[in-house]
Amino acid sequence: MNHNLPVKLSNSLETVSSARTEVAFPLPHIPEGLAAVRRCAARAMQQWRIPSDLADDAPLVVSELITNAVVHALPPASLCLSRQGGRAACAVRIEVTDAGPALLPHRGRSPRLPEESGRGSAIVAALSARSGTTTYQGGTTRWAEIQ
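Heads up: the sequence shown begins at 1 in full-length UniProt numbering, then just goes up one per residue.
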């Protein structure tokens, strides 16, 4: 994804077909809106006919990456999913791009206990073949590839 160009966002996956290999959509910057994004990601896996083992792991990785963006980063944020390879040798790349780390704690939220947070990176690493972070002027992309 070229981060110097605007991301083409789709608010609906109605037009996603098994032939389309990429879909992107904005993330609502409130935790309550993330369930809808997870459902859209799961629908994309289904429409792309992603094998069940990958389709089961993808929502967990999506959930960890988008939650991190909403809780710890500045808006706007977007999710981009791309399918790579055919059905037999399939991979899914998950990218969450945000405007960079939030410098101030979010108001109105109680601090989490250490045992309630901090495991997202370990979950993403365990479920993905590769993962990482790309920082560029104006934002950050956290990505993972599952195969």
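Even for Gly, the Cβ is constructed at its ideal location relative to N, Cα and C.
Using 8 Å as the threshold, is the C-beta distance between residue 78 and residue 97 below it?
Yes, the Cβ-Cβ distance between residue 78 and residue 97 is below 8 Å.
Figure out for me which residue from 50, 122, 70 has the closest Cα to the Cα of residue 147.
Out of 50, 122, 70, the CA that lies nearest to the CA of residue 147 is found in 50.
Would you mind reading off the limits of the beta strand (DSSP E) that contains residue 77?
77 to 84
Can you list, in chain order, the residues of its chain with a C-beta nearer than 8 Å to that of residue 74? Leave out the 5 residues immediately preceding and following it.
98, 99, 100, 101, 102
Does the Cβ of residue 135 have 16 or more other Cβ atoms within 10 Å, making it buried, or fewer, making it exposed?
exposed
Is residue 119 closer than 8 Å to residue 133 when the C-beta atoms are compared?
A distance of 8 Å or more separates the beta carbons of residue 133 and residue 119.
Could you tell me which of 35, 129, 23, 30 sits nearest to residue 54, measuring between CA atoms?
129
Measuring CA to CA, which of 21, 26, 33 is closest to residue 46?
21
Excluding sequence positions up to five away, which residues of its chain have a Cβ less than 6 Å from the Cβ of residue 64?
120, 123, 124
Identify every residue that forms a DSSP beta bridge with residue 91.
84
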